[in-house]
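Here's the structure we're looking at; comments come further down.
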Amino acid sequence: MIYDWSYNRGCIDTFYALSLNENIIKGLVKLTLFFYRRIIDGITNTIGLLSFFLGESIKYVGGGRISSYLLVYFLGSGYDRFDRKEGTVSIFRWGFPRKNRRILLQFLMKNIQAIRIEVKKGIYARHFLYIELKGLGTIPLTRTTENLTPQKNEQKAVELAYFLRVRIEVF
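See the structure below:
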């Protein structure tokens, strides 16, 4: 029995002749080609188009980078107004969306003690700029969307300290 089985090579030739004739092979080739062209290429092309259009839309919305979602992108934005004539400083920021979203701080220039530069070291090193007030603590001037180089941040601090006629502290 084993001899007959091995003599016929395990019936492989018979199985091949019955199941894999020319029509079946052509059908499998057409099925594989259809699957590759329509399914695999379709998925790849769709992902490519989506990433292209998503990248283009982000370029116009977030300045070419996403540091956060749009909500957080506008969070902390605002303006700083230094009026030497009136001797006042106004700092306006947008807070979290709720009833008291607007943050407006106003104080006299004579209460400004110093301009403070704080350096956070590490993988994501950052420089923060603060106004130090007499008896009231510090108020941040660096916005959440602002990521200045250390040189630009120092230049901004020097110009502000010169304008306000106060000293600069580095921490």
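According to full-length UniProt numbering, the sequence shown holds residues 1 to 171 in order. Note that CB positions come from ideal geometry on N, CA and C, so glycine has one too. Given the structure is predicted, the values throughout are model-derived calculations rather than measurements.
Reference T149; option with closest CA among Y124, I139 and F163: Restricting attention to Y124, I139 and F163, the CA atom closest to the CA of T149 is found in Y124.
Selected residue, minimal CA-CA separation from R104, among R37, F92 and Q155: A quick correction: the sequence has Leu, not Arg, at residue 104. Comparing Cα positions, the closest option is F92.
Nearest-angstrom Cβ-Cβ length linking K120 and F128, presumed shorter than 8 angstroms: The C-beta distance from K120 to F128 rounds to 7 angstroms, short enough to fall under 8 angstroms.
Where the alpha helix (DSSP H) containing T14 begins and where it ends: For T14, the uninterrupted alpha helix (DSSP H) segment begins and ends at I12 to S19.
Span of the alpha helix (DSSP H) around T32: Here the alpha helix (DSSP H) through T32 covers E22 to F34.
R153 classed as buried or exposed, judged by whether at least 16 other C-beta atoms fall within 10 angstroms: Checking the sequence shown, residue 153 turns out to be Asn, not Arg. Under this definition N153 is a buried residue.
For V166, the three-state DSSP class (helix, strand or coil): Note: V166 maps to coil in three-state DSSP.
Proximity winner among G122, E86, N100 and L49, relative to M109 (alpha-carbon distances): The candidate whose alpha carbon is nearest that of M109 is E86.
Where T46 falls: helix, strand or coil (DSSP): Under the three-state reduction of DSSP, T46 is assigned to helix.
Reduced DSSP secondary structure (H/G/I, E/B, other) of A157: Here A157 carries a helix assignment [DSSP, helix/strand/coil].
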